[in-house]
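Numbering (this note's numbering), first residue to last: 186 to 411.
So this is what it looks like as structure tokens:
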């Protein structure tokens, strides 16, 4: 994304106070534009559907999604948004830290999972990273996800572990993706070149039959990989 183009953010949040906090934050943050703020999933989905059917309307770059909403849940809304747009970055922003909720949200199509207590500066950094292809997770959430992967606890999404034929290096790269690391960070951690990381990512995509980082993370959790 061009540095001249602000990241167009939409917030789906039923708490008026927190919604105003997000509006203020985005209004003062360089490089961001809050182009929509909705108090319900239904309202956000109606607007998303309208935009999807009218090419004259500028699209969204990122959706911030609460989970506990007054009507339809944020997880169900994430599923429906994902059906409308496979590539739209959706980041859950919530107070819930329960493993089952985290797994369900990622399986529904969320690109990232952040807690509302995340510091404003860190939140903005993570939102920039997801637009650049990252999969941000609050540290506590990342720890939970890795714990689930280590123990093979995938019952929350109803699928038994499937190992596939991933090489050791591909598993390491996949673990980096699950942990929200960018390609450059993965390369530094593993001591390999960034093009080598890209090559392993392409191999992982092929074996998982996915086309994005978010989809790879979802499949890793669903299948109990790494």
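In this text, a Cβ means the ideal position worked out from N, Cα and C, and glycines have one as well.
Leaving out five residues before and five after residue 204 in sequence, what residues of the same chain have Cβ atoms less than 8 Å from its Cβ? These residues qualify, in order along the chain: 196, 198, 222 and 224.
Practice item. Could you tell me whether the stretch 363-371 touches the stretch 318-329, where touching means 3 or more Cβ pairs closer than 8 Å? Key: A contact exists between the stretch 363-371 and the stretch 318-329.
The alpha helix (DSSP H) that contains residue 260, what's its start and end?
259-269
**Prompt:** Nearest to residue 180 by alpha carbon, out of 227, 235 and 264?
**Reply:** For the chain, the structure presents residues 186 to 411; residue 180 sits outside this window and is missing.
Pull the bridge partners of residue 223 from the DSSP assignment, please. 197
* **Minimum C-alpha distance to residue 304 - residue among 409, 410, 272 and 207** => 207
Whether residue 278 touches residue 250 by CB criterion (8 Å): The answer is yes: Cβ separation under 8 Å.
- Message: Measuring CB atoms only, is the stretch 403-411 touching the stretch 283-301, in the sense that at least three cross pairs come out at less than 8 Å?
- Response: The stretch 403-411, when compared against the stretch 283-301, does touch it at the 8 Å Cβ threshold.
- Message: Does residue 343 pass the burial test, meaning 16 or more other C-beta atoms within 10 Å, or should it be called exposed?
- Response: Residue placement at residue 343 is flagged as unreliable, the pLDDT there being 44, under the threshold of 50; the coordinate-derived value follows with that caveat. Flag for residue 343 reads exposed.
Which two residues bound the contiguous beta strand (DSSP E) that contains residue 297?
297-300
| query | Assuming residue 389 contacts residue 351 under a Cβ cut-off of 8 Å, what Cβ separation, rounded to an integer in Å, is found between them? | reply | Approximately 7 Å separates the beta-carbon atoms of residue 389 and residue 351; this is inside 8 Å, confirming the contact.
#### Entry: For residue 275, the first and last residue of its enclosing beta strand (DSSP E)
275-279
Find the nearest neighbour of residue 400 within the set 354, 298, 291 and 232, judged by alpha-carbon distance. 291
message: So residue 326 and residue 282 are supposed to be a Cβ contact under 8 Å. How far apart are they, rounded?
response: 7 Å
### Query
Which residue's Cα is closest to the Cα of residue 215: 190, 232 and 395?
190
**Prompt:** How big is the Cα-Cα spacing for residue 213 and residue 384?
**Reply:** Rounded to whole angstroms, residue 213 to residue 384 spans 39 Å at the Cα level.
Note the first and the last residue of the continuous alpha helix (DSSP H) segment covering residue 249. Per DSSP, residue 249 belongs to no alpha helix (DSSP H); it is in the beta strand (DSSP E), 247-250.
Practice task
Drop a sphere of 10 angstroms on the beta-carbon of residue 219, count the other beta-carbons inside from all chains shown, and report buried for 16 or more, exposed for fewer.
Solution key: buried
Can you grab the Cα-Cα spacing for the pair residue 324 / residue 253, in whole Å? 21 Å
Can you tell me whether residue 204 is helix, strand or coil according to DSSP? helix
Review point. Residue 287 lies in the alpha helix (DSSP H); which residues open and close that run?
Key: 284-293
Worksheet item: Hey, quick one: how far does the alpha helix (DSSP H) through residue 369 stretch, first residue to last?
Response: 368-375
Three-state secondary structure (DSSP) of residue 341
With a pLDDT of only 43 at residue 341, under 50, the local geometry of the prediction cannot be trusted, and no value is derived from it.
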